[in-house]
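Asks:
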Amino acid sequence: MRTNCTFRTQWFWVASLAVLGVLGMLGTTTCYGQSADALIDKLMEKGILTREEADLLREEADKDFRRAYSVKSGLAEWVTSFAFHGDVRVRYESFHLPNDQAAVGSTSAVDRHRFRYRLRVGATAGFWDNLQAGFRLTSGEASATGGDPLSGNSTFANNASKKYVYIDLAYGKWTAINNPDWTLVLTGGKMENPFVFGEMTFDKDYTPEGAALHLVRRLDDKHSLVLNAGGFVLNELAALSDDSYLFGVQTRWEAEWSQHFQTSLGAAWFSIMGNDNLSNAQVFNSNRGNTRTAAGGLAYNYNPFMFDLAVTYYLEKFYRYSNPFPIRLEADYLHNPVVQKDNYGWSVGLSFGKAGKRGLWELSYRYRYLGADAWYEEFVDSDFGGFYGVAPAGGGAGYGPGTNVRGHIIRFGYSPFDSTTLGISYFLTDLINDFPAPGARASSAVGRLQVDVSWKF
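Note that numbering that gives the first Met the number 0 numbers the sequence shown so that position 278 is 277, with each residue one more than the last.
Okay, here's the thing in structure tokens:
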């Protein structure tokens, strides 16, 4: 008995040294978790370690790794992971406007060409107890109210002047529940948009500021119910108590019927409070389209209901596409019942493939119709606009994206490398309600071309 005990003790220390040796050669927590656990499992499988000894060794290995990782990285002991990430995009963009849209002496309708870039760089830190914090910086154009909330683009201009950098994300996150049946994530700060919608509802660069909840109930391994909710600050006033807020709740059903067939169905409701303090002079004025007073204030409230549906089918093979080939049909609809006119929007789109990895490509078409007062103009896609021959009440003349726009979007993308994606987009749009200049043709049509090269890291 004594010999067997001594033998097992010797093997326990040999196993301990082996695990510690593995830890010494590993540089990340991910590698540690996979390699150390695999080694302990193998030793237990061979009968060298009992389950109790394996558990003790895992606990000691965790402690030793935390100390070693903290010393090596220079980070606090409770930091379990730290990673930088970002992307750079360079873009050529042109606007084509028919020359007879504007009358003599009014806003001119000339073609425009420009080059732009977008830089985003950030970091994410993971902590023990399912906590995470992150930040991201972005390029952007300057204004009196900060950077554009709908774009990180900066234009090549002003004799190579130095450009601005803004805070794009600054958040903390707690995964309070994470098991096979439930996931609950709470987030606070300036964050990625927690709601799942197309660009008719929110521009993809919009990063709201406030608090959000993400709850998932997995019915089985193929079906999930999702609840997204949030409250966000739109404007804070030092001299008044009537601040502006956005509240929203969204439910979704996500289903995988087979390896080839997936669907999603969503419904949401949003409400903007304090819209009297969202005039063009009080917040960043990126877009146009809402009905406004002569002073630039909003004339109506925005409390819309929104619905989305998507169906995706995967082909096993397709021409010059190495992965399963997705074909996706999707549609969105929104309705703002507190307004009697121009109070709805809808879009429908079809896409083939998905770029993002070496050798993959995508092609998509979408038609979009967004009434002037269906939704708050400063949330929606800032690339989708029309030409105002004269300024509407509280707004400006010339090209303007936002609401009160309808039209077509065609996109193509190809990734020659995992890090690099080439893209081309074309928007053919016009206003739903025209604002022609006196004596000019009543047309607001615009053709907008974007050619991109993007690198991610």
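Glycine residues also receive a C-beta, built at the ideal position from the N, C-alpha and C atoms.
Could you compute how far the alpha carbon of L349 sits from the alpha carbon of Y318?
Replies: Here residue 349 refers to the residue found at position 350 when the sequence shown is read from its first residue. Here residue 318 refers to the residue found at position 319 when the sequence shown is read from its first residue. Distance between the alpha carbons of L349 and Y318 is about 18 Å.
Asks: When you compare the CB positions of K172 and T186, do they come within less than 8 Å of one another, or not?
Replies: Within the sequence shown, the letter at position 173 stands for residue 172. Within the sequence shown, the letter at position 187 stands for residue 186. Cβ distance < 8 Å, so K172 and T186 count as in contact.
Asks: Give a yes or no on contact between the region 360-372 and the region 287-306, applying the rule of three or more CB pairs nearer than 8 Å.
Replies: The region 360-372, when compared against the region 287-306, does touch it at the 8 Å Cβ threshold.
Asks: Of all the options L130, M190, L264, F194, which has the alpha carbon lying nearest to the alpha carbon of H222?
Replies: What you label residue 222 is simply residue 223 of the sequence shown in a count that begins at 1. Of the listed residues, the one whose Cα sits closest to H222 is L264.
Asks: Quick test of your reading: L430 and G385, contact by CB under 8 Å. State the CB separation rounded to the nearest angstrom.
Replies: Walking along the sequence shown from the start, residue 430 turns up at place 431. Walking along the sequence shown from the start, residue 385 turns up at place 386. Yes, they are in contact, since the Cβ atoms of L430 and G385 sit about 4 Å apart, within 8 Å.
Asks: Given that a residue counts as buried once 16 or more other Cβ atoms are within 10 Å of its Cβ, and exposed if not, what is L239?
Replies: Residue 239 sits at position 240 when you count from the first residue of the sequence shown. L239 is exposed by the Cβ-count criterion.
Asks: Excluding five sequence neighbours on each side, which residues of the same chain lie with their C-beta closer than 6 Å to the C-beta of Y444?
Replies: Against the sequence shown, residue 444 aligns to sequence position 445. Note on identity: in this sequence residue 444 is Ala, with Tyr being the wrong assignment. The residues are D429.
Asks: Kindly indicate which residue of T137, A156, T79 has the alpha-carbon position closest to the one of R113.
Replies: Against the sequence shown, residue 113 aligns to sequence position 114. Ranking T137, A156, T79 by Cα distance to R113 puts A156 first.
Asks: Do T419 and S453 have their C-beta atoms within less than 8 Å of each other?
Replies: Taking the first residue of the sequence shown as 1, we reach residue 419 at position 420. Taking the first residue of the sequence shown as 1, we reach residue 453 at position 454. Against a cut-off of 8 Å, the Cβ pair of S453 and T419 comes out as a contact.
Asks: Take G273 and list the residues in its own chain whose beta-carbon comes closer than 8 Å to its own, dropping the five residues that flank it on each side.
Replies: Numbered from its first residue, the sequence shown carries residue 273 at position 274. Answer for G273: L233, N234, D241, D242, S243, Y244, listed in chain order.
Asks: Just curious, the beta strand (DSSP E) that E255 is in, first and last residue?
Replies: The count along the sequence shown starts at 1 and reaches residue 255 at position 256. Element bounds for E255: 243-255.
Asks: So does the region 403-413 actually touch the region 116-124, counting three or more Cβ pairs closer than 8 Å?
Replies: No, they do not touch.
Asks: So, helix, strand or coil for A43, using DSSP?
Replies: The residue you call residue 43 lines up with position 44 of the sequence shown. For clarity, residue 43 is Met in the given sequence; the question names Ala instead. Note: M43 maps to helix in three-state DSSP.
Asks: Going residue by residue through the region 377-455, where are the continuous beta strand (DSSP E) segments of at least 3 residues, counting only ones entirely within it?
Replies: Segments of the beta strand (DSSP E) lying fully in the region 377-455: 384-387, 397-400, 404-416, 419-430, 445-455.
Asks: Examine the Cβ distances between the region 305-316 and the region 329-337 and report whether three or more of them are shorter than 8 Å.
Replies: These segments touch.
Asks: So, is W360 buried or exposed, given that buried needs 16 or more other C-beta atoms within 10 angstroms?
Replies: Working through the sequence shown from its first residue, we reach residue 360 at position 361. Buried is the call here.
Asks: Thinking R117 and S93 are a contact (beta carbons under 8 Å), I'd like their distance in whole angstroms, please.
Replies: Mapped onto the sequence shown, residue 117 falls at position 118. Mapped onto the sequence shown, residue 93 falls at position 94. At roughly 17 Å, the Cβ-Cβ gap does not stay under 8 Å, so R117 and S93 are not in contact.
Asks: Exposed or buried, N177, counting other C-beta atoms within 10 Å across all chains shown (16 or more means buried)?
Replies: In the sequence shown, the residue the question calls residue 177 occupies position 178. The residue is exposed, with fewer than 16 neighbouring Cβ atoms inside 10 Å.
Asks: Checking the sheet assignment: what are the DSSP bridge partners for L314?
Replies: Here residue 314 is taken as the residue at index 315 of the sequence shown, counted from 1. Paired residues: F324.
Asks: Could you pull the start and end residues of the beta strand (DSSP E) that W345 belongs to?
Replies: As a first step, residue 345 is located in the sequence shown; it is residue number 346 there, counting from the start. Taken as a continuous stretch (DSSP letters only), the beta strand (DSSP E) holding W345 covers 343-352.
Asks: P400 and S424: beta carbons closer than 8 Å?
Replies: Numbered from 1 along the sequence shown, position 401 holds the residue referred to as residue 400. Numbered from 1 along the sequence shown, position 425 holds the residue referred to as residue 424. Going by C-beta atoms, P400 is not nearer than 8 Å to S424.
Asks: Between which residues of its own chain and E44 is the CB-CB distance below 6 Å, once the five residues before and five after are set aside?
Replies: By one-based count along the sequence shown, residue 44 stands at place 45. Nothing meets the Cβ criterion.
Asks: Going by C-alpha to C-alpha distance, which of F231, V215, I47 sits closest to S270?
Replies: Within the sequence shown, numbered from 1, the residue matching residue 270 stands at position 271. Comparing Cα-Cα distances from S270 to each of F231, V215, I47, the minimum goes to F231.
Asks: Quick check on the DSSP output: the beta strand (DSSP E) that includes Q261 runs from which residue to which?
Replies: The count along the sequence shown starts at 1 and reaches residue 261 at position 262. Where Q261 is concerned, the enclosing beta strand (DSSP E) stretches over 260-272.
Asks: In the DSSP output, what is N459 paired with across the bridge?
Replies: What the structure shows of the chain is the stretch from 0 to 456, and residue 459 is not part of that stretch, so it cannot be assessed.
Asks: Let me confirm a value: C30 is counted as buried when at least 16 other C-beta atoms fall within 10 Å, else exposed. Which label applies?
Replies: Counted from its first residue, the sequence shown places residue 30 at position 31. Unreliable positioning characterises C30 in this predicted model, as indicated by a pLDDT of 45, which lies under 50. A coordinate reading is not provided.
Asks: Whole angstroms are fine: how far does the CA of L74 sit from the CA of G32?
Replies: As a first step, residue 32 must be located in the sequence shown, where it is residue number 33. As a first step, residue 74 must be located in the sequence shown, where it is residue number 75. At G32, the pLDDT of 48 sits below 50, so the modelled position is not reliable and the matter cannot be decided from this model.
Asks: Leaving out five residues on either side along the sequence, give the residues of the same chain with a beta carbon under 8 Å from the beta carbon of S321.
Replies: Reading the sequence shown from its first residue, position 322 is the one you call residue 321. Same-chain partners within the cutoff: G358, L359.
Asks: Whole angstroms are fine: how far does the CA of N284 sit from the CA of A143?
Replies: If you number the sequence shown from 1, residue 143 lands on position 144. If you number the sequence shown from 1, residue 284 lands on position 285. If I take the Cα positions, the gap works out to 10 Å.
Asks: Closest by CA to E315, which one among F260, D417, N300, L277?
Replies: Taking the first residue of the sequence shown as 1, we reach residue 315 at position 316. For the residues F260, D417, N300, L277, the minimum Cα distance to E315 belongs to F260.
Asks: Can you give me the C-alpha to C-alpha distance between E51 and A37, rounded to a whole angstrom?
Replies: Residue 51 sits at position 52 when you count from the first residue of the sequence shown. Residue 37 sits at position 38 when you count from the first residue of the sequence shown. Whole-angstrom Cα-Cα distance: 16 Å.
Asks: Which residues in the same chain have their Cβ closer than 6 Å to the Cβ of G446, if we skip the five residues on either side of it in sequence?
Replies: Here residue 446 refers to the residue found at position 447 when the sequence shown is read from its first residue. These residues qualify, in order along the chain: H95, L427.
Asks: Using the rule of at least 16 other Cβ atoms within 10 Å of the residue's Cβ for burial, across every protein chain shown, is S257 buried or exposed?
Replies: The residue you call residue 257 lines up with position 258 of the sequence shown. Burial call: exposed.
Asks: In chain order, what residues of the same chain lie with their CB nearer than 7 Å to the CB of A294, ignoring the 5 residues before and after it?
Replies: Here residue 294 corresponds to residue number 295 of the sequence shown, with the count starting at 1. S278, G393, listed in sequence order.
Asks: Can you give me the Cβ contacts of N432 inside the same chain, cut-off strictly under 8 Å, excluding the 5 residues immediately before and after it?
Replies: Within the sequence shown, numbered from 1, the residue matching residue 432 stands at position 433. The residues are D341, A371, N403.
Asks: What's the gap between the Cα of N129 and the Cα of L183?
Replies: Numbered from 1 along the sequence shown, position 130 holds the residue referred to as residue 129. Numbered from 1 along the sequence shown, position 184 holds the residue referred to as residue 183. Rounded to the nearest angstrom, the two C-alpha atoms are 11 Å apart.
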